[in-house]
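In the UniProt record's numbering, the protein residues as written are 1 to 294. Think of the CB as a built atom: it goes at the ideal place given N, C-alpha and C, for glycine as much as any other residue. Just so we're clear, the structure is a prediction, and the values are computed from it rather than from any experiment.
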């Protein structure tokens, strides 16, 4: 059957990462049947099954897991080599993949990306926004952007902006006639808009005052998994929400929301761009980092 080709390996990688032949085919610009044939050819060449397929799902076999784990860094290094080889006269080219939370990607789009694409119009920028924290190396990303507390300890981290804080906010209509909470324990007298984390757990609200940390498992009849939706629910008068300040800023300015427990809402380290410290930094990522530092 011959040795696997780079096309075979990239096809497998796309299906394995997206767990979908349809999604991978759309992103690669090929037909689903063609992609399926390519992956089956790879399996025959390797003499092992890499994917479990059903009519509804795609999952990795043990062999597929091992191959993907080794393949991602190798293909990443290959992309870097090709990027460097194709660069001429100092021109930055290639593909830059960054994974981050929705808030992080939005911040990049507002403040960094327009300038970056103006300066480096030969770079293909691939930004992926998702709530769950992923292994950027395993998933084939050059860098990630998350809150500092979520950045893995073995990564190089660079600040993106300054400190941020979470604010407890509610609409004036909701608070009308109700006691304003002055300490976190008084949230028990209110409806709170709870947040479900990407892990599936409910987020316990974190407050601090005079060095005292307080975690509150707030009451509430509604749970959401999006800070933007939580803000909109608060504006609609459905309760008190606890969200990153940038999400609430415009509504606070327009007096559609007000803060409560503001003295209990501490500043925390904000967003950081991070990348592996044991791999060569591709020119496109280096250029992005230099722009961040400016």
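How is the beta strand (DSSP E) around residue i delimited, first residue to last?
{"i": "residue 223", "result": "222-224"}
{"i": "residue 146", "result": "143-147"}
{"i": "residue 259", "result": "258-260"}
{"i": "residue 151", "result": "Run containing residue 151: none; DSSP gives neither H nor E here."}
{"i": "residue 266", "result": "From DSSP, residue 266 is part of no beta strand (DSSP E); its letter is neither H nor E."}
Of all the options the options, which has the alpha carbon lying nearest to the alpha carbon of residue i?
{"i": "residue 171", "options": "149, 107, 260", "result": "260"}
{"i": "residue 163", "options": "39, 272, 35", "result": "272"}
{"i": "residue 45", "options": "14, 3, 116, 216", "result": "3"}
{"i": "residue 234", "options": "198, 136, 174", "result": "174"}
{"i": "residue 295", "options": "236, 211, 189, 200", "result": "Outside the displayed range of the chain (1 to 294) lies residue 295, so it cannot be described from this structure."}
{"i": "residue 47", "options": "55, 30, 63, 57", "result": "63"}
{"i": "residue 131", "options": "51, 198, 32", "result": "198"}
{"i": "residue 227", "options": "138, 102, 238", "result": "102"}
{"i": "residue 104", "options": "247, 236, 200", "result": "247"}
{"i": "residue 266", "options": "165, 129, 71, 106", "result": "165"}
Leaving out the 5 sequence neighbours to the left and right, which residues in its chain are closer than 8 angstroms to residue i when beta-carbon positions are compared?
{"i": "residue 295", "result": "Since the first residue of the chain shown is 1 and the last is 294, residue 295 is not available in this structure."}
{"i": "residue 277", "result": "154, 155, 156"}
{"i": "residue 18", "result": "24, 27"}
{"i": "residue 75", "result": "9, 10, 13, 140"}
Alpha helix (DSSP H) containing residue i: first to last residue?
{"i": "residue 290", "result": "283-293"}
{"i": "residue 104", "result": "102-111"}
Excluding sequence positions up to five away, which residues of its chain have a Cβ less than 7 angstroms from the Cβ of residue i?
{"i": "residue 230", "result": "193, 195, 224, 241, 243"}
{"i": "residue 91", "result": "122"}
Which residues in the same chain have their Cβ closer than 6 angstroms to the Cβ of residue i, if we skip the five residues on either side of it in sequence?
{"i": "residue 148", "result": "269, 272"}
{"i": "residue 159", "result": "272"}
- Where in the UniProt domain "HTH lysR-type" (4-61) do unbroken runs of the beta strand (DSSP E), each at least 3 residues long, occur, reported from the N-terminal end onward? Listed in chain order, they are 51-53, 58-60.
- Item | Those runs of the beta strand (DSSP E) which lie wholly inside the region 115-140 and span at least 3 residues | Segments of the beta strand (DSSP E) lying fully in the region 115-140: 123-129.
- Task: Could you name each continuous beta strand (DSSP E) segment of 3 residues or more that falls completely within the region 170-251, going from the start of the chain to the end?
- Result: Within the region 170-251, the complete beta strand (DSSP E) runs of at least 3 residues are 193-195, 205-209, 212-216, 222-224, 241-244.
- Could you tell me whether the region 143-157 touches the region 248-265, where touching means 3 or more Cβ pairs closer than 8 angstroms? no
- So, do the region 5-17 and the region 34-42 have three or more beta carbon pairs nearer to each other than 8 angstroms? Flag = yes, the region 5-17 and the region 34-42 touch.
- Message: Across the region 247-257 and the region 199-213, are there enough close Cβ pairs to call them in contact, namely three or more that are closer than 8 angstroms?
- Response: Too few Cβ pairs lie closer than 8 angstroms, so no.
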